[in-house]
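Going by the working numbering, the sequence shown opens with residue 34, and the numbers climb by one from there. Remarks on the structure that follows.
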Amino acid sequence: MSNRIRNRFIALVCLLVFIAGGILFYTNWVVQKPFAIIVFLTDNLSPSAITAARIYQGGADYRLNLEKFPHLGFLSSQANDFAVSDTAAATTAIATGQKVNNGSMGVAPSGQPLRNLVDIARHDYNRAVGLVSNAALSDITPGVFYGQGGDPHDSLAIAAHLTDTTPLDIILGGGEADMLPEHKGGRRTDGRDLMLEMRQKGYDIVRNLSELENSPRWRSPQLLGVFAPGNLAFGDEIPAASSQPTLAQMVQHAIQLLQYGHDGYLLIVDAGLAGKAAYQNAGERMLREIISLDEAVATARAYAGESALILVAGKQSIGGMNLNGYPFRNDRGLAVGGINAQGVPSFTWATGPGSSSASLPESPSEPSAFPASAAIGVAEDGLILGAGPGSERLDGFHDNTAVFNVVVENL
34 MSNRIRNRFI ALVCLLVFIA GGILFYTNWV VQKPFAIIVF LTDNLSPSAI
84 TAARIYQGGA DYRLNLEKFP HLGFLSSQAN DFAVSDTAAA TTAIATGQKV
134 NNGSMGVAPS GQPLRNLVDI ARHDYNRAVG LVSNAALSDI TPGVFYGQGG
184 DPHDSLAIAA HLTDTTPLDI ILGGGEADML PEHKGGRRTD GRDLMLEMRQ
234 KGYDIVRNLS ELENSPRWRS PQLLGVFAPG NLAFGDEIPA ASSQPTLAQM
284 VQHAIQLLQY GHDGYLLIVD AGLAGKAAYQ NAGERMLREI ISLDEAVATA
334 RAYAGESALI LVAGKQSIGG MNLNGYPFRN DRGLAVGGIN AQGVPSFTWA
384 TGPGSSSASL PESPSEPSAF PASAAIGVAE DGLILGAGPG SERLDGFHDN
434 TAVFNVVVEN L
């Protein structure tokens, strides 16, 4: 090789090294990834529900914390096989970035297991990961983030996935009955005590608000908090809720514990009780749960800091609730519930347990146009609200798989 060619080769190598160093410097020091990434998931996060929750909480001039987010978009949520997705398909699309069939939990239409945000954050980016739910941890939405395949309604199998995979550092929610054997007051017929197994894997176990508040914060934690046999209590069930943490309290403690992760953290928050109330056609209860979500979101923004990426995504809409009539501008709470000043129900539903609107004198205060044992999904885009780096990408109309893409880009 001549000196001329050799010198050119050395110059080329030096140029490539310089370019690689520049890219490394840019990605690691100029474009800093957010230390905290928090994704809230809920049902019925739509313009009509936000309007009703605002009026219910404080009147027409009130503004929710959700309305203070700088970025807003809409998410289409069709499944791979149906125009309206169920919970399993909607959550899987957000968690994995791929459309799946209704009834599929974390698996592609081919049956292939799909990697989700928790797995990617933990194994590819070494982030601490947490999961918070005010429903049972063995419910469909939380289960998508640690279980793959199987019947999405088999909560006992989903709970076993949690113990067998243990991909999470902080786990807070309900579902104790699905973790304990029958002889300990649970529902498991296989004799397994999943909470004992988690303790043997190194997890601290807490079962009420006091124990959660006293959990160690001086070390990098592994914490399992299970606060109810099934779902946590609705906000209006005061006696049952008195020893249970609120969604906001669980989010606060999860953030405080996850901040020990040197490479940042990902926290998934399932505000599942809003959907549970919607299935029951319980309009006021659903609005109170959206307000609970609103309080949890405010807590997240306060504790995670301005540089955190925080997303609030509507998975699907259930039941099709509307707030009707002409309440006064300052009416709120009970004043916008029941029968309104025009003599018609303030809340009506498209589907669900309410009786037909054709029989108003005998109907409950929240009738449905099509009576059913439980409300069913409706075709409606969900809202996506965002703050922090990358959230501007979700302005406008998007498929729900875009949430996955934005989170991965910022891990």
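The beta carbon of each residue, even a glycine, is placed where N, CA and C say it ideally should be.
Check                                                                                                                                                                                            : Outcome
Looking at residue 128: is its Cβ nearer than 7 angstroms to the Cβ of residue 150?                                                                                                              : yes
Excluding the five sequence neighbours on either side, which residues of its own chain have a C-beta within less than 8 angstroms of the C-beta of residue 152, listed in chain order?           : 200
Kindly list the residues whose CB is nearer than 6 angstroms to the CB of residue 350, restricted to its own chain and excluding five residues on each side of it in sequence; keep chain order. : 77, 79, 411, 413
For the region 328-344 against the region 84-92, do three or more pairs of beta-carbon atoms, one drawn from each stretch, fall closer than 8 angstroms, so that the two count as touching?      : no
For residue 367, count neighbouring Cβ atoms within 10 angstroms of its own Cβ and tell me buried if that reaches 16, exposed if not.                                                            : exposed
Taking contact to mean 3 or more Cβ pairs, one atom from each stretch, closer than 8 angstroms, check whether the region 93-102 and the region 112-126 are in contact.                           : no
Curious, which full-length beta strand (DSSP E) runs of at least 3 residues does the region 126-173 contain?                                                                                     : 161-169
By how many angstroms is the C-alpha of residue 208 removed from the C-alpha of residue 98?                                                                                                      : 29 angstroms
Quick check: the Cα distance between residue 275 and residue 245, rounded to an integer number of angstroms?                                                                                     : 14 angstroms
In angstroms with no decimal places, state the Cα-to-Cα distance between residue 298 and residue 262.                                                                                            : 28 angstroms
Assess, as a yes-or-no matter, whether the region 339-348 is touched by the region 68-76 under the definition of 3 or more beta carbon pairs within less than 8 angstroms.                       : yes
Indicate whether residue 426 and residue 440 have their beta-carbon atoms separated by less than 7 angstroms.                                                                                    : no
Pull up the DSSP beta-bridge partners for residue 312, would you.                                                                                                                                : Residue 312 pairs with nothing; no bridge assigned.
From residue 173 to residue 339, what does the alpha carbon distance come to, in whole angstroms?                                                                                                : 31 angstroms
Would you identify the three-state DSSP class for residue 95, choosing helix, strand or coil?                                                                                                    : coil
Considering residue 191, what are the terminal residues of the alpha helix (DSSP H) in which it resides?                                                                                         : 188-198
Can you tell me whether residue 65 is buried or exposed, with buried defined as 16 or more other CB within 10 angstroms of its CB?                                                               : exposed
Taking C-alpha atoms, which residue in 210, 218, 146 lies nearest to residue 183?                                                                                                                : 146
Quick check on the burial criterion: 16 or more other C-beta atoms within 10 angstroms. Buried or exposed for residue 375?                                                                       : exposed
Could you pull the start and end residues of the beta strand (DSSP E) that residue 380 belongs to?                                                                                               : 380-385
Return the residue from the list 399, 103, 243 that minimises the CA-CA distance to residue 355.                                                                                                 : 399
Residue 430: buried (16+ other C-beta within 10 angstroms of its C-beta) or exposed?                                                                                                             : exposed
Here's the rule: buried if 16 or more other CB atoms are within 10 angstroms of the residue's CB, otherwise exposed. What is residue 161?                                                        : buried
Find the nearest neighbour of residue 140 within the set 433, 176, 154, judged by alpha-carbon distance.                                                                                         : 176
Taking residue 125 and residue 137 to be in contact with their CB atoms under 8 angstroms, please state how far apart those CB atoms are, rounded to whole angstroms.                            : 6 angstroms
In the DSSP assignment, what are the bridge partners of residue 356?                                                                                                                             : 380
According to DSSP, is residue 109 part of a helix, a strand, or is it coil?                                                                                                                      : strand
For the alpha helix (DSSP H) that residue 437 lies in, which residues bound it at each end?                                                                                                      : 434-442
The beta strand (DSSP E) spanning residue 420 covers which residue range?                                                                                                                        : 415-420
Does DSSP put residue 221 in a helix, in a strand, or in coil?                                                                                                                                   : strand
Short check: CB of residue 171 to CB of residue 211, under 7 angstroms?                                                                                                                          : yes
Alpha helix (DSSP H) containing residue 401: first to last residue?                                                                                                                              : Per DSSP, residue 401 belongs to no alpha helix (DSSP H); it is in the beta strand (DSSP E), 401-404.
Could you check the C-alpha separation between residue 304 and residue 75 for me, to the nearest Å?                                                                                              : 5 angstroms
State the Cα-Cα distance for the pair residue 401 and residue 187, rounded to the nearest angstrom.                                                                                              : 29 angstroms
Sort 384, 163, 220 by Cα distance to residue 311 and report the nearest one.                                                                                                                     : 384
CA-CA distance, residue 435 and residue 106?                                                                                                                                                     : 11 angstroms
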